[in-house]
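In mature numbering (1 follows the signal peptide of the UniProt record, and there is no 0), the protein residues as written are -30 to -1, 1 to 961. Ideal Cβ placement from N, Cα and C applies to all residues, glycine included. Quick caveat, the model's predicted, so the values are computed rather than measured. Read the structure below first, then the notes.
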């Protein structure tokens, strides 16, 4: 009865606040004290908490620990004896420096599945977010440090505290290192999250620190050495049974990591496919179905933001729900208590919506897919807003354990207006915490064995256990003990009935450095594809022999694309391996797959010319054109005489009729011929390129005709214009200016501008400035990007603005702010003068001035046209535009106020994902955009119109964040209040 009354009271309060919000004019607020509207939400006692849950059919949730045994839990790991270590982040979210966080040690004394006792293992911590047991002690992540704790005197408390690594980022309480996981490579994998860091050993100088931005790390627990790995999602990282890696971020709930960073780093000229990709079929920020009410403080904050009294994004009508905003803790179900049909499912929490979501994973080539299981519902929801499921773990009893941080407020403190924050207690819940177990209805708890007492022989048998915790703990202990049960491990590696046992036996043998050819060769023919894949990877650790090389060469016909993918990576790591034919066969089977292309090219840091020549043999598969072009770019940059001559010989038989696929290949191959220190320059001087030049000239003549022919389809003409990048500067300058004319479609004009802009030509500056008035708004943005890319062009633009030839309002304030920071004193001075003359518009005042747009009736048809003109450069809706910025299909649930504020004040609260970066390359170009991909060898900057620049790290002189959103300020210059009302009306009706 008390529970029902509590829920009814909260629901009634929420309803009254929502009604009040809808009735009050945004300009009428004079109240400064909101205490009456911000009642405290009482916690649900542990004895009543289970009544608040709604669980999918066939499952139940059980409480296994609560306060005072555990408080503020954020991570957990079991020791080999079955006891549980828990990270208690009691300093969340603002009390880091008080040192009140700790590690607790929980035990289930009577083995009934419920924890009975808790002791403090380590205390005095700041923001601990991850931990992992090792060799009788515990690794603990407490940014900026990674510690190793150990109890050496047996009193249950750590008295040894060593700093293993330091330099992890601390700038965001919701972006700290997390998710410590044991890998098949016998290392502890750690997610470095969005804050990254400059990591080093304590004794190393800061100059030796390694930047982990955009990557995770794998730690060797014996030595403390680490390696960069692919990943870097925000919170949540896990492996499935076979070593596939999955991660989650707050607004991108399910992602797959496609490859390991060390393979990419072998070839510094490789431009790889994305390492981390979203795989949820319903989208990154998918719809969710919460049953909890929205907190009162969110409703009041929304109202304050609407009125302009508080900064930050506006949640529609007080409803901050309906889609993933706080996704965390992705975990693959691997516990044997769950039915077979549910094995391998992905589990994700949403701490903001008080729910647990699940996805069924299925292969779709190399990239997997995640499909929603529950229709209009979730695996678990709670009506209690204190339920904050942050992490999950496959437990020793085969169930799924859930960490509930159990907080009244989960929110970044900087996102809370002072007027609200003063009435909230961000420490509320510090003394509370819950651990749950999610199990099938028929579940029966089994006692947890003490694997510390198991002999090495027993641990070898446990490698084949159906439960993941048993397998991984046994594997780790065998490695930790440096077991001598080599014969037994080799026997398990050949066990015909236990594929997971074979997998882990191979992994342990690798860690013990006891792998041999006799063990690996049979596994290359294993019936399970994931073991064949693992066996191929492990051949990299063995001495190269003829038998091994021959066996690897046979794997090119493997039916599994994942096996061939691994072979493509491994081929570049085997000494004396005739990799050319192997790689050619692999890429011919999947010629357009970008990840397969990445794997193949990673293996030809040396020898790209031979593969290039092999792939250009007749009959040529035109689907290989893109990949062969990538090889051509690498060959010309490497400037290896052997590869250059081999490539030139391979293209010498091409004719003008091969132009559709051959021109990009030839253009990329000859790109650096003008550089005097290259072999290509010497070949050109000696006349050895005359035949190829003639063929290219004929190809370009045909493309010029197509580009200028207005009867050709626009997309055909655009491709022709883009291909003119392979012409000489003088040739391009004779054709492209004619296409920057209002008589031609915008797509043609844009392609001409971008293509011409690639050349180091001063003519483009004069042309763009003289035709500025005839350019559409979106083309002016493209022109700005081109003119800002080189100092001489930028100086011309700034002078044109100063003289009044170009309106100051045509160039975004954010661009001028960027120019004002230029190292060129002339540019810096001019940009600063222009900024000062433009005056600094108060963004809050602009938002206030446009409040009438929320009251004006909007026209959907007009709004649709305005979207195409002003927004489609960076947003995609109803099959129009470019998906660069946030998904606008979700803004309907956040309300008209949210749209208005974020359009007019895009820098109010910038998601780090959409920060604008500036890069200066070795050719003197300045490039801007948000970082969408990052690897060991490259970064990708993306901006309006889906324009991308993939920059090799070896070509980057400087890279820095502007601190501003990719979306420019000043859209009010294009939209009056009525137009804004029309745009909002359109966005609010999009399904």
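If the five residues before and after residue 336 are omitted, its C-beta is found closer than 8 Å to the C-beta atoms of 228, 531, 532, 535, 563, 565 and 566, all from its own chain and listed in chain order.
Around the C-beta of residue 427, fewer than 16 other C-beta atoms lie within 10 Å, and the residue is accordingly described as exposed.
Excluding its 5 nearest sequence neighbours in each direction, residue 171 has C-beta neighbours in its own chain below 7 Å: 135 and 194, listed in chain order. Residues of the same chain with a CB within less than 7 Å of the CB of residue 249, apart from the 5 flanking positions on each side, are 224, 225, 226, 337, 338, 339 and 340 in chain order. Rounded to the nearest whole angstrom, the C-alpha separation of residue 178 and residue 663 is 48 Å. Within the same chain, Cβ atoms closer than 6 Å to the Cβ of residue 574 are found at 581, the five residues on either side in sequence being excluded. Counting only runs of 3 or more residues that sit fully inside the segment 5 to 59, the beta strand (DSSP E) segments are 23 to 25, 29 to 36, 43 to 48 and 54 to 58, in chain order. The beta-carbon distance between residue 349 and residue 328, rounded to whole angstroms, is 4 Å. This is short enough to meet the 8 Å contact definition. By the Cβ rule, the segment 628 to 639 counts as touching the segment 582 to 601, because three or more pairs are nearer than 8 Å. With a cut-off of 8 Å on Cβ pairs, the segment 357 to 373 is in contact with the segment 40 to 58, counting three or more such pairs. Residue 728 is positioned such that its CB atom lies closer than 8 Å to that of residue 695.
If you keep only unbroken alpha helix (DSSP H) runs of at least 4 residues inside the segment 643 to 727, you get 649 to 655, 660 to 678, 684 to 693, 699 to 705 and 716 to 727. By the Cβ-count criterion, residue 660 is exposed, with fewer than 16 other Cβ atoms from all chains shown falling within 10 Å of its own Cβ.
Non-local beta-carbon contacts of residue 354 in its own chain, meaning distances under 6 Å to residues more than five positions away in sequence, involve 14 and 22 in chain order. In summary, residue 58 is buried, with 16 or more beta-carbon neighbours lying within 10 Å of its beta-carbon over all protein chains present. Residue 626 sits in a helix when the DSSP states are folded into three classes. In the three-state reduction of the DSSP assignment, residue 212 falls in the coil class.
The Cβ-Cβ distance between residue 356 and residue 342 does not fall below 8 Å. Sixteen is the threshold: when 16 or more other Cβ atoms of the shown chains lie within 10 Å of the Cβ of residue 254, as they do, the residue is buried.
Taken through DSSP and simplified to helix, strand or coil, residue 62 comes out as coil. By the neighbour-count definition (other C-beta atoms within 10 Å, threshold 16), residue 87 is an exposed residue.
One Cα belongs to residue 149, the other to residue 113, and the distance between them is close to 13 Å. Residue nearest to residue 151 within the set 215, 735 and 804 is 215 (criterion: CA-CA distance). Contact between the segment 935 to 950 and the segment 862 to 878 is present: 3 or more CB-CB pairs across the two stretches fall below 8 Å. Taking each of 726, 838 and 300 in turn and checking the Cα distance to residue 956, the smallest one comes out for 838.
With contact defined as three or more Cβ pairs closer than 8 Å, the segment 695 to 711 and the segment 732 to 748 are in contact. Annotation: residue 200 is outside any alpha helix (DSSP H); the continuous beta strand (DSSP E) that includes it extends over 196 to 200.
A direct Cα-to-Cα measurement between residue 807 and residue 775 gives close to 16 Å. Restricted to the segment 288 to 327, the beta strand (DSSP E) segments that are unbroken, complete and at least 3 residues in length are 297 to 302 and 316 to 320, listed in chain order. The C-beta of residue 430 has 16 or more other C-beta atoms within 10 Å across all chains shown, which makes the residue buried. Nearest Cα to residue 154 within the set 35, 482, 238 and 413: 482. The three-state reading of DSSP puts residue 634 in helix, counting H, G and I together. Looking at the backbone, the Cα of residue 269 and that of residue 787 are separated by about 35 Å.
Here residue 510 has 540, 543 and 544 as same chain residues with Cβ atoms under 8 Å from its own Cβ, once five neighbours each way along the sequence are excluded. Burial state of residue 754 is buried, judged by a 10 Å Cβ sphere holding 16 or more other Cβ atoms. By the Cβ-count criterion, residue 472 is buried, with 16 or more other Cβ atoms from all chains shown falling within 10 Å of its own Cβ.
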